[in-house]
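Read through the structure below, which is laid out as structure tokens, and then see the notes.
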Amino acid sequence: MPIVSDRILLVEDDASILKGLELNLGLEGYQIRTASDGPAGLLCAQEWKPDLVVLDIMLPGLSGYEVCRELRRRGSNVAILVLSAKGTEMDRVQGLDLGADDYVTKPFGLQELLARVKALLRRSKPAPQGKLLLFGDVAADFTAGEVRRAGATVELTVRELELLKYLSSREGRVVTRQMILDGVWGENYFGTERTVDNFITRLRQKLDNPDEPAHFLTVRGMGYRFRGDSR
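This note's numbering numbers the first residue of the sequence shown as 1467 and each following residue consecutively.
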């Protein structure tokens, strides 16, 4: 069995799915804890501090959407992978809007799920960049995974941090929504381009002026462009 230190919290009310996930992720070497309802999942996420939460939507007590929203409201930037039988575009967008980092529709293939789990955990550990990213009143340290604005810590989710890294590494260049999806979510991600718009909005709210953005710019008919302090 591989030795893996990452902690995964499984929040699922279907006993058979929960047991299967617990067994298979345990065999991969992850530390696993489980919860079968929303309140228990929220409490465990707050107290145990997992690296990843695999979260069902249809839960007793609190829905997965409510758990996700509450975790983000409380400042948690834990990676969240939503599992749901609800697979419409609106359902996916709602989950991502509330702060989820990925969305997998039931029924799902085990190997696909394992790959998504590994990708999210890998992205949650920022690779060394060698320098700070400075723009406006923002300082981003990708090595430490820390972002500050006007001296105050800003909590970014895994995807938000990945999106910031992707855009800033292409400063001044126009990137399409599809390019962003491929670069941040991966070529096998089956989301929609609206996902990118929602995440850009969140970066503007946290790191820019959402009404008149100076750094995360829309290029009509094409996509987006990141502008640092050099005009």
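All C-beta atoms, glycine included, are put in the ideal place defined by N, C-alpha and C.
{"query": "Kindly identify the DSSP beta-bridge partner or partners of residue 1661.", "result": "DSSP, once it has assigned bridges, lists no residue as partnering residue 1661."}
{"query": "With H, G and I counted as helix, E and B as strand and the rest as coil, what does DSSP make of residue 1595?", "result": "Residue confidence for residue 1595 is low, a pLDDT of 49 falling below 50, so the modelled location carries little weight and cannot support an answer."}
{"query": "Please state the DSSP three-state secondary structure of residue 1454.", "result": "Because the chain is modelled from 1467 through 1697, residue 1454 falls outside the range shown and cannot be assessed."}
{"query": "Taking the alpha carbon of residue 1669 as the reference point, which residue from 1606, 1586, 1638 has its own alpha carbon closest?", "result": "1606"}
{"query": "Taking C-beta to C-beta, are residue 1615 and residue 1624 nearer than 8 Å?", "result": "no"}
{"query": "Taking the C-alpha atoms as reference points, what is the distance between residue 1680 and residue 1638?", "result": "12 Å"}
{"query": "Going by DSSP, which residues form a beta bridge with residue 1684?", "result": "1690"}
{"query": "Are there 16 or more other CB atoms within 10 angstroms of the CB of residue 1542, so buried, or fewer, so exposed?", "result": "buried"}
{"query": "Does the Cβ of residue 1573 have 16 or more other Cβ atoms within 10 Å, making it buried, or fewer, making it exposed?", "result": "exposed"}
{"query": "Restricting to Cα atoms, I'd like to know which of 1556, 1516, 1636, 1557 is closest to residue 1544.", "result": "1516"}
{"query": "Looking only at C-alpha atoms, which of 1583, 1533, 1695 sits nearest to residue 1474?", "result": "1583"}
{"query": "Thinking just about the alpha-carbon of each residue, which of 1655, 1631, 1503, 1580 is nearest to the one in residue 1490?", "result": "1580"}
{"query": "Thinking C-alpha only, which one of 1684, 1651, 1627 is nearest residue 1672?", "result": "1627"}
{"query": "Identify the continuous alpha helix (DSSP H) that holds residue 1523 and give its terminal residues.", "result": "Where residue 1523 is concerned, there is no enclosing alpha helix (DSSP H), given that its DSSP letter is neither H nor E."}
{"query": "Would you kindly check if the distance between the Cβ of residue 1629 and the Cβ of residue 1650 is under 8 Å?", "result": "yes"}
{"query": "So, for residue 1595: in the same chain, excluding its five sequence neighbours on each side, which residues have a beta-carbon less than 7 Å away from its beta-carbon?", "result": "Its pLDDT being 49, under 50, residue 1595 is placed unreliably in this model, and the value from its coordinates should be taken loosely. Cβ within range, chain order: 1608, 1609."}
{"query": "Taking all protein chains shown into account, do 16 or more other C-beta atoms lie within 10 angstroms of the C-beta of residue 1478, making it buried, or fewer, making it exposed?", "result": "buried"}
{"query": "Less than 8 Å between C-beta atoms, sequence neighbours within five positions excluded: which residues of the same chain meet that for residue 1559?", "result": "1658, 1660, 1661, 1664"}
{"query": "On a Cα-Cα basis, can you pick out the residue from 1589, 1570, 1695 that is closest to residue 1674?", "result": "1695"}
{"query": "Measure the CB-CB distance between residue 1526 and residue 1504 and report whether it falls below 8 Å.", "result": "yes"}
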